[in-house]
Amino acid sequence: MASSRYELLVICVLSFFFALSHSKTLKGDGKAIILEEMEISHLGLVSQGDYRVVTELEVYAVSIVGPFPIAVTNLLDLTRLDIHNNKLTGQLPSQIGRLKRLNLRWNKLQDVIPPEVGELKRLTHLYLDHNQFTGRIPDAFYKHPFLKEVYAEDNMFKQGVNPI
C-alpha cells in the first residue's frame, strides 16, 4: 500500500514538472523549459510511514507560460505553494489541497476566485495580487479565523465594499 502511494506521488510530481517543462518561454523562441533549467528553490518532502509526500513547492520567476498546472491539485498534503512571477493564465482551480500559504502574485490568472479557496481552513497567507481576477473577493476571506495576510490588489475586481 505504501509503495503505491509513493508511486502516485511520484507520478503527480512528474506530471507537474512535465507540464512545466513543456511550457513556452517568454523569450518568444518557442523553446520549452527543460527540467535542468528550472530553478526549484524549495521542494519540501516529509516522511509519512514508508513513503514521502510533497508538502511545499516553490517554482517562481522561471517564465512559465500557460494554464495553472492542474497536477498540483493532486498533491493532497501540500501546505505551501509558491508559483509567483510567472505568466500563468486561466482559472484558479477550486480544489488546491490543504494549503497554509498560497502565493500566485504577478501572473495572469483570470476569472473569479473560487469560494473554496476562502474555505481552506488552514490558510494563513494568501497572495493573489497583480493578476486579472474578476468578480468580488470571496466573503470567506473577511471571516476566516486564521488568515493573517491577504494581498489582492491590482486585479479587476468589481467595485464595492465587501462586508467585514
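Reading the sequence shown from the start, the letters are residues -23 to -1, 1 to 141 in mature numbering (1 follows the signal peptide of the UniProt record, and there is no 0). Glycine included, every Cβ here is placed at the ideal spot set by N, Cα and C.
Limits of the beta strand (DSSP E) - the one that residue 150 falls within
There is no way to answer for residue 150, as the model of the chain reaches only from -23 to 141.
Just to confirm my understanding: we take GLU93, look at its own chain, exclude 5 residues before and 5 after, and list those with CB closer than 6 Å. What are they?
SER71
Beta-carbon separation of LEU53 and GLY67 under 7 Å?
no
Across which residues does DSSP place LYS64 in a beta bridge pair?
VAL42
From MET133 to VAL31, what distance separates their C-alpha atoms?
33 Å
Among GLU33, VAL39, ASP131 and HIS102, whose alpha-carbon lies nearest the alpha-carbon of GLN87?
ASP131
For ARG78, which residues from the same chain have a beta carbon less than 6 Å from its beta carbon, with the 5 sequence-adjacent residues on both sides left out?
ARG57 and HIS102
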